[in-house]
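Sequential numbering of the sequence shown, starting at 1, is according to UniProt numbering.
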Amino acid sequence: MSYSIESITESIGARRVGNAPATIDWLLTDSRSLNFPEETLFFALTTKRNDGARYIADLYTRGVRNFVVGEEGFEYIKKEQPADANFLVVSNPLKALQRLVELHRTRFQIPVVGITGSNGKTIVKEWLHQLLSPERAIVRSPRSYNSQIGVPLSVWQMNEQSELAIFEAGISEPGEMRTLQNIIKPTIGILTNIGGAHQENFFSLQEKCMEKLLLFKNCDVVIYNGDDEFISNCVAKSMLSAREIAWSRKDMERPLYINKVEKQENCTVISYRYLEMDNSFTLPFIDDAAIENSLNCLAACLYLMLPAELITERMAKLEPVAMRLEVKEGKNNCLLINDSYNSDLGSLDIALDFLYRRSLSKGLKRTLILSDILETGQNTSTLYRQVAQLVGSRGIERIIGVGSEISSCATRFNIEKVFYPDTATLMSVIAQGELPLENEIILIKGARKFGFDALTEMLEKKVHETILEVNLGAMIANLNYYRSKLKPETKMVCMVKASAYGAGSYEIAKTLQEHRVDYLAVAVADEGSELRKAGITANIIIMNPEMTAFKTMFDHKLEPEVYSFHLLDALIKEAEKEGITNFPVHIKLDTGMHRLGFAPSDIPRLVERLKGQDAVIARSVFSHLVGSDSPQFDAFTRRQIETFESASACLQEAFPHKILRHICNSAGIERFSGAQFDMVRLGIGLYGISPIDNSILNNVSTLKTTILQIRDVPEEDTVGYSRKGRLARPSRIAAIPIGYADGLNRHLGNGNAYCLVNGKRAVYVGNICMDVCMIDVTDIDCKEGDSVEIFGDHLPITALSDVLDTIPYEVLTSVSTRVKRVYYQD
Numbered sequence: 001m002s003y004s005i006e007s008i009t010e011s012i013g014a015r016r017v018g019n020a021p022a023t024i025d026w027l028l029t030d031s032r033s034l035n036f037p038e039e040t041l042f043f044a045l046t047t048k049r050n051d052g053a054r055y056i057a058d059l060y061t062r063g064v065r066n067f068v069v070g071e072e073g074f075e076y077i078k079k080e081q082p083a084d085a086n087f088l089v090v091s092n093p094l095k096a097l098q099r100l101v102e103l104h105r106t107r108f109q110i111p112v113v114g115i116t117g118s119n120g121k122t123i124v125k126e127w128l129h130q131l132l133s134p135e136r137a138i139v140r141s142p143r144s145y146n147s148q149i150g151v152p153l154s155v156w157q158m159n160e161q162s163e164l165a166i167f168e169a170g171i172s173e174p175g176e177m178r179t180l181q182n183i184i185k186p187t188i189g190i191l192t193n194i195g196g197a198h199q200e201n202f203f204s205l206q207e208k209c210m211e212k213l214l215l216f217k218n219c220d221v222v223i224y225n226g227d228d229e230f231i232s233n234c235v236a237k238s239m240l241s242a243r244e245i246a247w248s249r250k251d252m253e254r255p256l257y258i259n260k261v262e263k264q265e266n267c268t269v270i271s272y273r274y275l276e277m278d279n280s281f282t283l284p285f286i287d288d289a290a291i292e293n294s295l296n297c298l299a300a301c302l303y304l305m306l307p308a309e310l311i312t313e314r315m316a317k318l319e320p321v322a323m324r325l326e327v328k329e330g331k332n333n334c335l336l337i338n339d340s341y342n343s344d345l346g347s348l349d350i351a352l353d354f355l356y357r358r359s360l361s362k363g364l365k366r367t368l369i370l371s372d373i374l375e376t377g378q379n380t381s382t383l384y385r386q387v388a389q390l391v392g393s394r395g396i397e398r399i400i401g402v403g404s405e406i407s408s409c410a411t412r413f414n415i416e417k418v419f420y421p422d423t424a425t426l427m428s429v430i431a432q433g434e435l436p437l438e439n440e441i442i443l444i445k446g447a448r449k450f451g452f453d454a455l456t457e458m459l460e461k462k463v464h465e466t467i468l469e470v471n472l473g474a475m476i477a478n479l480n481y482y483r484s485k486l487k488p489e490t491k492m493v494c495m496v497k498a499s500a501y502g503a504g505s506y507e508i509a510k511t512l513q514e515h516r517v518d519y520l521a522v523a524v525a526d527e528g529s530e531l532r533k534a535g536i537t538a539n540i541i542i543m544n545p546e547m548t549a550f551k552t553m554f555d556h557k558l559e560p561e562v563y564s565f566h567l568l569d570a571l572i573k574e575a576e577k578e579g580i581t582n583f584p585v586h587i588k589l590d591t592g593m594h595r596l597g598f599a600p601s602d603i604p605r606l607v608e609r610l611k612g613q614d615a616v617i618a619r620s621v622f623s624h625l626v627g628s629d630s631p632q633f634d635a636f637t638r639r640q641i642e643t644f645e646s647a648s649a650c651l652q653e654a655f656p657h658k659i660l661r662h663i664c665n666s667a668g669i670e671r672f673s674g675a676q677f678d679m680v681r682l683g684i685g686l687y688g689i690s691p692i693d694n695s696i697l698n699n700v701s702t703l704k705t706t707i708l709q710i711r712d713v714p715e716e717d718t719v720g721y722s723r724k725g726r727l728a729r730p731s732r733i734a735a736i737p738i739g740y741a742d743g744l745n746r747h748l749g750n751g752n753a754y755c756l757v758n759g760k761r762a763v764y765v766g767n768i769c770m771d772v773c774m775i776d777v778t779d780i781d782c783k784e785g786d787s788v789e790i791f792g793d794h795l796p797i798t799a800l801s802d803v804l805d806t807i808p809y810e811v812l813t814s815v816s817t818r819v820k821r822v823y824y825q826d
């Protein structure tokens with residue numbers, strides 16, 4: 001829907017500077033996601049770490065002419081204010097964004113489903129779309145757009161064709177839900193569950209639940225699990241006026257009573273009674289979370305009067321929700337981005353943006369494989385005109401279309417193109433070599449009915465059945481957790497040494513660079529040069545510089561740590577030889593670690609040496625805390641901080657330029673907030689492990705493999721090398737393709753540790769071999785090909801490190817490079 005710039009100015013109470021005519025269709029908060037500059041209104045949001053006004057000049061050169069900016073941001077750019085642009089000056093751009101979308105929402109009188117809870121929001125949203133979309137045009141949140149920014153961007157999608165809307169709402173602190181309620185104004189509310197996520201800002205679980213229930217203040221109906229006593233009590237206390245559909249598996253008096261839940265091998269049969277009518281459906285999943293999510297969907301469908309026979313038919317066809325953009329290595333030097341379960345304009349925009357960012361430094365051709373986009377409510381010509389605009393704005397060089405509708409609009413695409421009637425035809429053409437795919441970054445995106453998961457499987461390079469899944473979204477959540485503990489002006493160094501603690505340095509560094517960390521840190525120059533060659537432009541510190549690598553550091557602008565006069569003199573000599581001046585270095589002080597560093601007493605001599613040359617310049621001075629993770633060392637830590645503060649101040653006083661000071665590591669950020677100085681260094685905490693108690697924050701890395709073979713072994717036999725695997729009973733033994741060459745420590749064998757098979761513990765039997773090990777699955781319902789979790793979301797890495805009497809760092813960095821990394825982003 002379009003709005004005039006005049007009406008928007010009035011709606012948000014802005015002071016308009018500029019008189020350029022404009023009509024607005026698109027709202028933008030992230031400059032990297034620009035698609036349609038002429039019809040875009042950019043909100044220059046201010047955060048603790050950034051100011052959107054910094055990107056106005058770049059956006060102007062890219063064609064944007066309309067901006068919402070705060071008073072301070074306007075002062076920043078008004079000297080160069082162009083005459084053909086509009087600046088809507090407000091006190092708070094985020095509040096202006098939210099207010100604008102609040103008013104937009106008032107134009108619609110359609111059913112709106114608002115979903116909140118700790119887990120399951122996105123799955124319930126996507127399943128409701130699958131169940132209800134054949135009858136009506138539905139608008140819904142793209143992926144997990146459920147924040148103070150994501151919700152207004154989602155609701156803005158509502159248009160004249162919309163017949164039903166489904167939006168998620170997530171909160172992380174008190175006071176947020178009232179804002180989201182004003183924007184969404186749901187008529188139907190669904191509370192999925194309440195758990196510990198984002199609990200740190202709430203006094204109690206009840207406070208968080210009551211905050212979430214504010215979303216349903218003016219709902220007609222609220223849906224939740226009536227068997228959850230905690231939620232039921234909170235609903236009662238909230239005094240909601242809405243009708244309740246509190247489904248129950250225990251209370252026959254509830255309006256929706258679940259008679260029976262029968263799990264079978266690959267599905268679950270659920271019988272229910274609603275308003276005195278008995279029915280049933282088959283769910284193609286057996287896990288408890290899926291069952292609970294399906295019951296929330298069932299209640300919503302019944303309330304919306306979807307006939308029971310259609311519910312039964314469609315529940316059986318529910319597809320798993322791919323909430324991630326997976327990056328996989330493909331055949332013929334291709335990189336695959338798998339998004340094969342979502343197909344709508346909103347998610348296409350996000351996926352194309354993801355592809356564009358990942359392609360900038362790869363030198364690969366950009367290819368899109370796209371199916372028909374179904375059930376949008378738009379006519380075909382208009383829809384694919386918009387698709388073609390999106391594709392063009394993201395620099396796609398080739399499109400491979402699948403389906404009759406997209407094929408009929410082939411002329412809309414002014415790039416290399418080819419179209420096929422169905423997926424089977426496309427796969428046949430690829431298999432016969434008639435459609436070469438080489439040296440390309442390929443986004444695979446299609447509606448579920450096109451079965452693009454088989455296409456992804458076909459194109460994926462098969463190298464090893466053991467993979468390390470790396471959740472980039474979880475890593476960013478950890479980054480933001482630690483950022484929330486910093487003063488706005490405090491800078492951050494993120495450690496990506498040792499291949500980003502085993503997670504893979506490029507993808508981690510790329511993501512951190514996108515989230516504007518101030519520095520990356522690696523161990524040696526070769527690690528840094530590889531990142532530079534891959535396109536990483538962020539500042540990089542070399543923590544263990546080698547004297548043979550000075551030229552590499554100069555050539556790739558890698559900033560070395562300097563810890564001794566011997567190293568400093570050699571570096572200065574080499575820099576002078578190369579004609580280099582003012583090359584930044586980072587001075588390390590030894591305040592108690594006694595590993596590397598200048599002694600505080602060396603400062604006068606160090607100042608004299610630095611002043612006597614112009615080849616290098618001190619960019620920062622730092623030290624390393626010995627025991628910041630443990631209260632028993634707090635007195636020593638405070639002495640370290642005092643020593644560092646005094647010595648670093650002496651260094652700073654000797655020079656007119658700013659020298660950054662930093663001493664806090666991950667534990668220091670949490671426990672010594674007064675020692676932030678100018679910068680902090682985030683290491684193990686970034687990867688989801690608290691250095692204080694080894695608890696898991698947001699798990700980043702999950703090591704998985706599959707069952708190769710299962711055999712029955714009699715009690716009198718043994719398993720594995722040296723007959724170490726002695727059995728106490730007739731057993732089912734599974735072989736899995738992971739061994740000590742993959743990083744699975746041999747000391748975990750012989751019953752010392754376990755992995756997870758279908759959520760159940762399976763102990764390691766016998767010696768762990770180089771490439772394979774054996775596990776006991778006697779009491780586990782499993783089959784060959786089933787997934788096995790070595791560590792990850794459900795089995796903390798500390799379960800292994802505790803057995804090995806070591807630290808999680810060692811387990812993470814031991815994962816072999818031959819193990820394929822698969823990256824995804826929620």
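Just so it is clear, CB atoms sit at the ideal spot from N, CA and C, and this is done for glycine as well.
heavy atom of the ligand SAH below 6 Å from residue i C-beta
i: residue 178; result: By its list of ligands, the structure shown contains no ligand whatsoever, and the ligand SAH lies outside what it can speak to.
Run of the beta strand (DSSP E) containing residue i, from where it starts to where it stops
i: residue 560; result: 558-562
i: residue 125; result: Here residue 125 belongs to no beta strand (DSSP E); instead the alpha helix (DSSP H) covers 121-132.
i: residue 366; result: 365-371
i: residue 774; result: 773-776
i: residue 712; result: 709-713
Nearest-angstrom Cβ-Cβ length linking residue i and residue j, presumed shorter than 8 Å
i: residue 758; j: residue 793; result: So it is not a contact: roughly 14 Å between Cβ atoms.
i: residue 215; j: residue 177; result: 6 Å
i: residue 318; j: residue 283; result: 7 Å
i: residue 113; j: residue 186; result: 6 Å
Residue j beta carbon less than 7 Å from that of residue i
i: residue 837; j: residue 124; result: Since the displayed the chain opens at 1 and closes at 826, residue 837 lies outside it and no answer follows.
i: residue 596; j: residue 563; result: yes
i: residue 770; j: residue 719; result: no
i: residue 62; j: residue 37; result: yes
i: residue 767; j: residue 739; result: no
i: residue 146; j: residue 170; result: yes
i: residue 763; j: residue 471; result: no
i: residue 493; j: residue 357; result: no
i: residue 706; j: residue 785; result: yes
i: residue 619; j: residue 584; result: yes
i: residue 509; j: residue 558; result: no
First through last residue of the alpha helix (DSSP H) which encompasses residue i
i: residue 49; result: Note, residue 49: premise wrong, no alpha helix (DSSP H); not H, not E.
i: residue 146; result: Here residue 146 belongs to no alpha helix (DSSP H), and DSSP marks it neither H nor E.
i: residue 808; result: 808-813
i: residue 429; result: 423-431
i: residue 801; result: 798-803
i: residue 581; result: Residue 581 -> no alpha helix (DSSP H), and no H or E assigned at all.
For residue i: DSSP bridge partner residues
i: residue 494; result: 520, 682
i: residue 277; result: 274
i: residue 762; result: 755
i: residue 338; result: 326, 444
i: residue 86; result: 66
i: residue 720; result: In the DSSP output, where bridge partners are listed per residue, residue 720 has none listed.
i: residue 506; result: DSSP output for residue 506 lists no bridge partner at all.
i: residue 168; result: 115
i: residue 263; result: 268
i: residue 470; result: 701, 823
Given 8 Å, three or more beta-carbon pairs between the segment 716-725 and the segment 734-748: Contact between the segment 716-725 and the segment 734-748 is absent: fewer than three C-beta pairs spanning the two stretches fall below 8 Å.
Whether or not the segment 287-307 and the segment 92-107 are in contact is what I'm after, with contact meaning three or more pairs of Cβ atoms, one per stretch, closer than 8 Å; do they touch? Here the segment 92-107 makes no contact with the segment 287-307; the two share fewer than three CB pairs at distances below 8 Å.
Counting Cβ pairs, one atom from each stretch, are 3 or more of them under 8 Å apart for the segment 516-524 and the segment 228-242? Put simply, the segment 516-524 does not touch the segment 228-242. Fewer than three CB pairs are less than 8 Å apart.
Counting pairs of beta carbons, one from the segment 483-490 and one from the segment 411-425, are three or more of them closer than 8 Å? Result no; under three Cβ-Cβ pairs closer than 8 Å.
Under 8 Å: do the segment 567-575 and the segment 524-543 share three or more Cβ pairs, one atom per stretch? Two segments are said to touch when three or more pairs of C-beta atoms, one from each, lie closer than 8 Å; by this definition the segment 567-575 does not touch the segment 524-543.
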